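In the working numbering, the protein residues as written are 193 to 487.
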């Protein structure tokens, strides 16, 4: 580009850049606007915990041998549901980000802000308030409420004591909880906390990639990663189920649809969490389960 035309283009670029600087906007700001960032989320999270504005997504857990709902999974969500863009609210449920996507966003923000323990404390204290509804609402033997927490939180005696105190205030025991750990327990403090809670009736689950190392005294369940494993061929899934059984682990996976549920059942998976993209409340899910039971 030469001569007068080149100078015109250069002048135009300079004017555009000057306008952007005067308005306080950098090139590319419009493209990035509205996207969540870990730093911004980490700064916002403490206030959300303090005001109790973090929401939860609830999903029934179905035993695949007889299709009976035996538990509820309760997963913390970013307050703006779903995500930072309010236009997402018009999406059908199937197109929304699922509960685990929102939970990962919370977990990243908590880790960046150094408040992962505070997030887990908020989650288990909220779950303690909902445990009676699950125990009394699900008409089955040994109903359970599953909540995801970081294994590192178990290092804190205050974390375990706080949970037990909150339950004691309601005249409850922790029996019926399933803690979904993000990894297998490590170290003496975590293992001691697991032993203490298991003696009180708490069950634990570990992710599929940690199942090969887990000791029998550390967990009852193995969670199969839906994105990276369950969508693989059925033979691979069956091998993982068999390996989990050899370690006395019961298998759980997220079922994305009815066809997926059938494949999980054929592969020998014992429990399926129904995909939690909807915004149903705990009361609505329990009511639906009771209606299903009465039919």
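The beta-carbon is built from N, C-alpha and C at its ideal position, and this holds for glycine as well.
Computed from a prediction, not measured in an experiment: that's the story for all the values here.
Distance CB(residue i)-CB(residue j) smaller than 8 Å
i: residue 373; j: residue 348; result: no
i: residue 311; j: residue 323; result: no
i: residue 335; j: residue 230; result: no
i: residue 377; j: residue 394; result: no
i: residue 442; j: residue 413; result: yes
i: residue 370; j: residue 346; result: no
i: residue 295; j: residue 267; result: yes
i: residue 309; j: residue 351; result: yes
i: residue 456; j: residue 256; result: yes
i: residue 250; j: residue 450; result: no
i: residue 363; j: residue 482; result: no
i: residue 254; j: residue 445; result: no
i: residue 400; j: residue 415; result: yes
With 16 other Cβ atoms within 10 Å as the buried cut-off, status of residue i
i: residue 380; result: exposed
i: residue 436; result: buried
i: residue 454; result: exposed
i: residue 475; result: exposed
i: residue 219; result: Low confidence applies to residue 219: its pLDDT is 49, below 50, so where it sits in the model is not reliable enough to give any reading.
i: residue 382; result: buried
i: residue 242; result: exposed
i: residue 301; result: buried
i: residue 292; result: buried
i: residue 239; result: exposed
i: residue 361; result: exposed
i: residue 410; result: buried
i: residue 448; result: buried
Residue i: first and last residue of the uninterrupted beta strand (DSSP E) it sits in
i: residue 370; result: 369 to 373
i: residue 246; result: Where residue 246 is concerned, there is no enclosing beta strand (DSSP E), given that its DSSP letter is neither H nor E.
i: residue 466; result: 463 to 466
i: residue 339; result: 336 to 341
i: residue 263; result: 260 to 269
i: residue 348; result: Residue 348 -> no beta strand (DSSP E), and no H or E assigned at all.
Supposed close pair residue i, residue j - CB separation, criterion 8 Å
i: residue 462; j: residue 252; result: Contact flag wrong, Cβ pair sits at about 15 Å.
i: residue 327; j: residue 368; result: 5 Å
i: residue 313; j: residue 354; result: 6 Å
i: residue 234; j: residue 343; result: Rounded, the Cβ-Cβ distance is 21 Å, inconsistent with contact.
i: residue 403; j: residue 439; result: 6 Å
i: residue 264; j: residue 477; result: 6 Å
Chain C within 8 Å of residue i, Cβ atoms only
i: residue 250; result: Chain labels in this structure do not include chain C; a single protein chain is all it has.
Enclosing alpha helix (DSSP H) for residue i [first to last residue]
i: residue 442; result: Looking at the DSSP string, residue 442 is not in any alpha helix (DSSP H); the run it does join, the beta strand (DSSP E), is 442 to 447.
i: residue 454; result: 450 to 459
i: residue 434; result: 426 to 438
i: residue 383; result: 379 to 391
- Query: Three or more beta-carbon pairs under 8 Å between the region 307 to 322 and the region 238 to 251, yes or no?
  - Reply: yes
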